[in-house]
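Here is the structure we will look at.
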Amino acid sequence: MTEPEFTDTPDLDLPVGPPDELTADLLDDLPDVTPVSIPDGARVWLVPTPVGNLGDITLRALDVLRAADAVACEDTRRTGALLTHLGIKKPLVRLDAHTMGRAPQVLERYARLAYVSDAGTPGISDPGAELVAAALAADVPVEALPGATAFVPALVLSALPTGRFTFEGFLPRSGRDRKERLSAVAARAETSVLYESPHRLHATLADLRDACGPERAASVTRELTKRFEETVRGTLAELAAHFESGVRGEIVVVVAGRPEGESAGAEVDHAARARELAGQGLSTRDIRDLLIREGLRKNDAYALALQATSDA
């Protein structure tokens, strides 16, 4: 048997020298890596916590949690278990959607306050933004630490375009607000990212399928960073069928943007879109606004919206 012939490949332009010289050269190109000391005085820190794997806590987060006078959180039991695992003992204060009204009193009592959500970065789909507003109103500096969050890895894992995207958070559970948000996702040209609970996943996938069309590409990521992490990719019809029997874990849904040319061509497409929205119960004004966002002129959008609601 004749041996295969391989052409010579050029030498790669790699640096040469002892390892200590290479390390010095590389360090010269790095930014200042000197750890920033914890500042004195009153302060609120937003501290990301792991979404699953406890190894994702950052060294800076540990420093801040140790330096804080108290740790505010949504669930004191869950945060207490995390701090115990980290070997940190601090007073815990509940500040969730129901108790955020007492934030000014908490800020007055604890000058150096760390705030954590149940998982991920505070201020994303939790009441952390209200604490920021309360702190700034009291002239208390706020720092947001970088760290764990769920929607960024799920977006990357979806294999859908990431250059532009819209984070929707949790959709409204029902009513006109939900229909409007679903219609906005369907009309959007960029990728959309949503959070959802396990027991509502199938219903949301079915609603997205009906709003966006069964062939729209999407993905479902659950249990990020945990043992049973899973990302399922496919069309909305396929995903709705796949998760019909239910699922467990925290969930991120990523939906592709509207394909080029869809609902943006001839007037008959806009008319069908208006009838579809009217069938979902949207008002003339809401249909008009959505058609304008999809590229139709104001007068044409109003005429189609009025006709659709009259026929509904």
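If you use numbering that gives the first Met the number 0, the sequence shown corresponds to residues 0 to 311, in order. Where is the CB? At the ideal position from N, CA and C, for every residue including glycine. Remember, predicted model here, so these are calculated numbers, not experimental data.
Every alpha helix (DSSP H) stretch that sits fully inside the segment 227 to 265 and reaches 4 residues is listed by chain position as 235 to 241.
Non-local beta-carbon contacts of residue 273 in its own chain, meaning distances under 6 Å to residues more than five positions away in sequence, involve 286, 303, 304 and 307 in chain order. Its chain contains 44, 46, 63, 64, 67 and 70 as the residues whose beta carbon lies nearer than 6 Å to that of residue 113, once the 5 sequence neighbours on both sides are disregarded; these appear in chain order. DSSP places residue 42 within a strand segment (E or B) once states are collapsed to three.
Here DSSP, grouped into helix, strand and coil, assigns residue 109 to coil. In the three-state DSSP reduction, residue 67 falls in the coil class, being neither helix nor strand. Around the beta carbon of residue 126, 16 or more other beta carbons lie within 10 angstroms, which makes this residue buried. Residue 158 and residue 150 have their C-alpha atoms roughly 13 Å apart.
For residue 142, DSSP records a beta bridge to 44. Burial check for residue 176: the Cβ neighbour count within 10 Å stays below 16, so the residue is exposed. Here residue 134 is near residue 106, since their CB atoms are less than 8 Å apart. Remark: C-beta atoms of residue 216 and residue 203 do not approach each other more closely than 8 Å. For residue 91, DSSP records a beta bridge to 70. About 17 Å separates the beta carbons of residue 123 and residue 161, which is beyond the 8 Å limit, so they are not a contact pair. In the three-state scheme derived from DSSP, where H, G and I count as helix and E and B as strand, residue 182 is classed as helix. Non-local C-beta neighbours of residue 42 in its own chain, meaning closer than 6 Å and more than five positions away in sequence, comprise 111 and 140, ordered along the chain.
Residue 79: not part of any beta strand (DSSP E); member of the alpha helix (DSSP H) spanning 75 to 85, first to last residue. Its chain contains 187, 188, 189 and 190 as the residues whose beta carbon lies nearer than 6 Å to that of residue 256, once the 5 sequence neighbours on both sides are disregarded; these appear in chain order. Inter-segment contact for the segment 239 to 247 and the segment 276 to 283 is absent: fewer than three beta-carbon pairs are separated by less than 8 Å. Cβ-Cβ distances below 7 Å link residue 297 to 291 in the same chain, with the five nearest sequence neighbours on each side left out; the list follows chain order.
Distance between residue 55 and residue 118, taken at the CA atoms: about 11 Å. Distance from the CA atom of residue 280 to the CA atom of residue 130, rounded to whole angstroms, is 36 Å. Looking only at 253, 100 and 96, the smallest Cα-Cα distance to residue 116 is reached by 96. Counting along the chain, no beta strand (DSSP E) covers residue 215, and no H or E run does either. Annotation: the continuous beta strand (DSSP E) that includes residue 165 extends over 164 to 169. Beta-bridge analysis with DSSP links residue 190 to 164. For residue 298, the enclosing alpha helix (DSSP H) covers residues 297 to 310.
Residue 163 counts as exposed, since fewer than 16 other beta carbons sit within 10 angstroms of its beta carbon.
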